[in-house]
Amino acid sequence: MSENPNLLAEQRRALIVDEVRRRGGVRVNELTRKLGVSDMTVRRDLDALARQGVLEKVHGGAVPVAEASTHEPGFEAKSSLELTAKEDIARTAATLAAPGTAIALSGGTTTYALAQRLLDVPDLTIVTNSVRVADVFHTAQGGPGSRPGTATVVLTGGVRTPSDSLVGPVADQAIASLHFDVLFLGVHGISLEAGLSTPNLAEAETNRRLVHSARRVVVVADHTKWGTVGLSSFASLDEVDTLVTDAGLPVEARAEVSEQVRLIVAGEPESGADI
Numbered sequence: 001m002s003e004n005p006n007l008l009a010e011q012r013r014a015l016i017v018d019e020v021r022r023r024g025g026v027r028v029n030e031l032t033r034k035l036g037v038s039d040m041t042v043r044r045d046l047d048a049l050a051r052q053g054v055l056e057k058v059h060g061g062a063v064p065v066a067e068a069s070t071h072e073p074g075f076e077a078k079s080s081l082e083l084t085a086k087e088d089i090a091r092t093a094a095t096l097a098a099p100g101t102a103i104a105l106s107g108g109t110t111t112y113a114l115a116q117r118l119l120d121v122p123d124l125t126i127v128t129n130s131v132r133v134a135d136v137f138h139t140a141q142g143g144p145g146s147r148p149g150t151a152t153v154v155l156t157g158g159v160r161t162p163s164d165s166l167v168g169p170v171a172d173q174a175i176a177s178l179h180f181d182v183l184f185l186g187v188h189g190i191s192l193e194a195g196l197s198t199p200n201l202a203e204a205e206t207n208r209r210l211v212h213s214a215r216r217v218v219v220v221a222d223h224t225k226w227g228t229v230g231l232s233s234f235a236s237l238d239e240v241d242t243l244v245t246d247a248g249l250p251v252e253a254r255a256e257v258s259e260q261v262r263l264i265v266a267g268e269p270e271s272g273a274d275i
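Position one of the sequence shown corresponds to residue 1 (full-length UniProt numbering), numbered consecutively onward.
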């Protein structure tokens, strides 16, 4: 079988994970037909994804990993998932950042993608507890072809989590003394009952402080976060102003979300009144 040259490894693996989650399991021969690659390529992809802990290999295929509410994937494990959705969300969310404003970015791979889209927005003040997000602006301002004055960046201190966020009392105290116009917030899980949640107790408290210090809260989350519940809730949906997500969010979920927050689906015309 000839390999499909149009799919990079990370794109293939993101599609595999999405298929496993959506269907509850897939077989190797189904993936070879769908992706247009060899049996050996699919098996290598499954091996890599199993090592990352995002799926479980079984005889002839793969099934989802049953995650505990305390399970917290690392940044690298999450960065290869839902790449297209995250880029679409980032592109759309960046339009909500006005020049000259103070904005906060929480940790996460979606906010990391968003940070790269914010480099062209002038005169921003960025408050973040994400080492990765801070590095985006630092690299843009200090490397070859740098963009001087892209943003003023305030990085909170704190204890580093597996997702490369800084949390704990030091971060909480720094955030409590600040005020920003918009918070762009990545989440581990979102649901009607639990609201926004994370498996990390310290991160929950830091996110709570971020929400309380923001005039507007914009959640950036792909469709796989819907229905996921972490150990600790840190905000209810009525504390969220806007949810920016991707086209994979089911129709039923869209209806439920739209009753409480402004819903923006990347790549689709917005419907309903702003909140």
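We treat Cβ as the ideally placed atom computed from N, Cα and C, and that holds for glycine.
Throw me the rounded Cβ distance for the Ala221 and Val187 pair, which I believe falls under 8 Å. Counted from its first residue, the sequence shown places residue 221 at position 221. Counted from its first residue, the sequence shown places residue 187 at position 187. With a Cβ gap of about 5 Å, Ala221 and Val187 count as contacting.
Alpha-carbon spacing of Asp39 relative to His59, whole angstroms: Locating residue 39 in the sequence shown gives position 39, where the first residue counts as 1. Locating residue 59 in the sequence shown gives position 59, where the first residue counts as 1. Rounded to whole angstroms, Asp39 to His59 spans 14 Å at the Cα level.
Hey, Leu105 and Val133: beta-carbon distance below 8 Å or not? The sequence position of residue 105 within the sequence shown is 105, counting from 1. The sequence position of residue 133 within the sequence shown is 133, counting from 1. It is a contact, given that the beta carbons lie within the stated cut-off.
Measuring alpha carbon to alpha carbon, tell me which residue in Ala14, Gly25, Arg22 is nearest Gln52. For the purposes of this step, residue 52 is identified with residue 52 of the sequence shown, where counting begins at 1. Minimum Cα distance to Gln52 is reached at Ala14.
Near Leu210, which residues of its chain fall below 8 Å by C-beta distance, leaving aside the five closest residues on each side in sequence? The residue given as residue 210 occupies position 210 in the sequence shown. If we look at Leu210 and ignore the five residues flanking it on each side, its Cβ neighbours are Ala104, Ser106, Asn129, Ile175, Leu183, Leu185.
Nearest-angstrom Cα separation, counted from Val37 out to Glu205: Sequence index remark: in the sequence shown, residue 205 carries index 205 (1-based). Sequence index remark: in the sequence shown, residue 37 carries index 37 (1-based). Whole-angstrom Cα-Cα distance: 45 Å.
Just to confirm my understanding: we take Ala202, look at its own chain, exclude 5 residues before and 5 after, and list those with CB closer than 6 Å. What are they? Taking the first residue of the sequence shown as position 1, residue 202 is located at position 202. Answer for Ala202: Val167, Gly168, listed in chain order.
What span of residues does the alpha helix (DSSP H) with Val17 cover, start to end? The residue labelled residue 17 in the question sits at position 17 within the sequence shown. Counting along the chain, the unbroken alpha helix (DSSP H) around Val17 starts and ends at 9-23.
Quick check on the DSSP output: the alpha helix (DSSP H) that includes Leu196 runs from which residue to which? On the sequence shown, residue 196 is found 196 positions in, with the first residue counted as 1. Where Leu196 is concerned, there is no enclosing alpha helix (DSSP H), although the beta strand (DSSP E) it sits in stretches over 195-198.
Buried versus exposed, by CB contacts within 10 Å (16 or more), Leu35: As a position in the sequence shown, residue 35 is number 35, starting the count at 1. Note on Leu35: 16 or more other CB atoms within 10 angstroms of its CB, so buried under the neighbour-count rule.
Using alpha carbons as the reference points, say which of Thr41, Leu83, His138, Val154 lies closest to Ala113. Within the sequence shown, the letter at position 113 stands for residue 113. Minimum Cα distance to Ala113 is reached at Leu83.
When the distance is taken between beta carbons, is Val127 closer than 8 Å to Leu178? Residue 178 sits at position 178 when you count from the first residue of the sequence shown. Residue 127 sits at position 127 when you count from the first residue of the sequence shown. Taking 8 Å as the cut-off, the Cβ atoms of Leu178 and Val127 count as close.
Please state whether DSSP places Ser213 in a helix, a strand or coil. Your numbering for residue 213 matches position 213 in the sequence shown. Correct three-state label for Ser213: coil.
Pick helix, strand or coil for Ala247, following the three-state DSSP scheme. Here the question's residue 247 lines up with position 247 in the sequence shown. In this structure, DSSP gives Ala247 a state outside helix and strand, which the three-state scheme calls coil.
Please state whether the Cβ-Cβ distance between Thr242 and Arg262 is less than 8 Å. Position 242 of the sequence shown, counted from the first residue, corresponds to residue 242. Position 262 of the sequence shown, counted from the first residue, corresponds to residue 262. It is a contact, given that the beta carbons lie within the stated cut-off.
Using only the alpha-carbon positions, how far apart do Arg44 and Thr32 sit? Looking up residue 44 in the sequence shown gives position 44. Looking up residue 32 in the sequence shown gives position 32. Arg44 and Thr32: Cα-Cα distance of roughly 12 Å.
List the DSSP bridge partners of Gly61. Here the question's residue 61 lines up with position 61 in the sequence shown. The partner list for Gly61 (beta bridge, DSSP) reads Arg27, Val58.
Buried versus exposed call for Leu49 [16 or more other C-beta atoms within 10 Å across all chains shown]: Locating residue 49 in the sequence shown gives position 49, counting from the first residue. Buried, by the Cβ-count rule.
Short of 6 Å in beta carbon distance, which residues of its chain neighbour Phe75, apart from the five on each side in sequence? Order them along the chain. Taking the sequence shown and counting its residues from 1, one reaches residue 75 at position 75. Legend: pLDDT at Phe75 = 49, less than 50; position of this residue unreliable, value from coordinates given subsequently. Sequence-distant Cβ neighbours of Phe75 in its own chain, meaning closer than 6 Å and more than five residues away, are Ser163, Asp164.
What does a CB cutoff of less than 7 Å around Thr150 pick up in its chain, not counting 5 residues either side in sequence? For the purposes of this step, residue 150 is identified with residue 150 of the sequence shown, where counting begins at 1. Around Thr150: Leu119, Phe137, Ala140, Gln141.
In angstroms, rounded to a whole number, what distance separates the CA positions of Leu124 and Pro64? What you label residue 124 is simply residue 124 of the sequence shown in a count that begins at 1. What you label residue 64 is simply residue 64 of the sequence shown in a count that begins at 1. Near 40 Å, if we compare the C-alpha coordinates of Pro64 and Leu124.
For Arg27, which residues of its own chain have a beta-carbon under 8 Å away from its beta-carbon, when the five flanking residues on both sides are left out? By 1-based counting over the sequence shown, the position of residue 27 is 27. Gly60, Gly61.
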